[in-house]
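Visitor: One gets our numbering by counting positions in the sequence shown from 1 and adding 6 to each. Note that the Cβ used here is the ideal one computed from N, Cα and C, for glycine as well. Values in this document were obtained by computation on a predicted structure and should not be read as measured data.
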Amino acid sequence: MQQKNQLKPTESELEILQVLWDKTEATVREVHETLQSVKEVGYTTTLKLMQIMHEKGLVYRNEASRTHIYRAAVERKIMQHQYLQKMMPLFEDSPAQLVMQAIGSNKMSKEEIQQIQDYINSIQ
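#1: Do you know whose CA, among 64, 29, 50 and 35, lies nearest residue 17's CA?
#2: So, for residue 104: in the same chain, excluding its five sequence neighbours on each side, which residues have a beta-carbon less than 6 angstroms away from its beta-carbon?
#3: My guess is that residue 22 and residue 59 are in contact by the Cβ rule of under 8 angstroms, so how many angstroms apart are they, rounded?
#4: In chain order, what residues of the same chain have a beta carbon less than 7 angstroms from the beta carbon of residue 106, not counting five sequence neighbours either side?
#5: Check whether the region 84 to 95 and the region 31 to 48 are in contact - that is, three or more C-beta pairs closer than 8 angstroms.
#6: Whole-angstrom Cβ separation of residue 74 and residue 52, contact assumed at under 8 angstroms?
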């Protein structure tokens, strides 16, 4: 099993992790139904991916009942931090450049703008 600080989920694995982070825990069927509402994906594909994720240490699997229950083995914030650290060299290790690119590339709601402003005010 990989150490949590070395986990490298694929794009499909990240989609499954998003579901598990949102639901806290879920069966393969629950994850599959959530993914199916967004894109076409086969049940056996979801099952196989989750089995691989368990082997990689990305998810925990409770095998106490016939229906296995899965939950993420790594917190969302830890994974977000890991990905940000990998992206920083693209922005010359400048948090300001990263933030400006993120803000400039997406339409933000007034609430999101206020959250960012509040955060900036709190760290000044």
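Guide: On the basis of the data shown:
#1: Ranking the options by Cα distance to residue 17, first place goes to 64.
#2: Excluding positions up to five away in sequence, the list reads 97.
#3: Contact flag correct, Cβ pair sits at about 7 angstroms.
#4: Here the set comprises nothing.
#5: Because the criterion of three Cβ pairs below 8 angstroms is not met, the region 84 to 95 and the region 31 to 48 do not touch.
#6: Going by Cβ atoms, the distance from residue 74 to residue 52 rounds to 13 angstroms, so no, they are not a contact pair.
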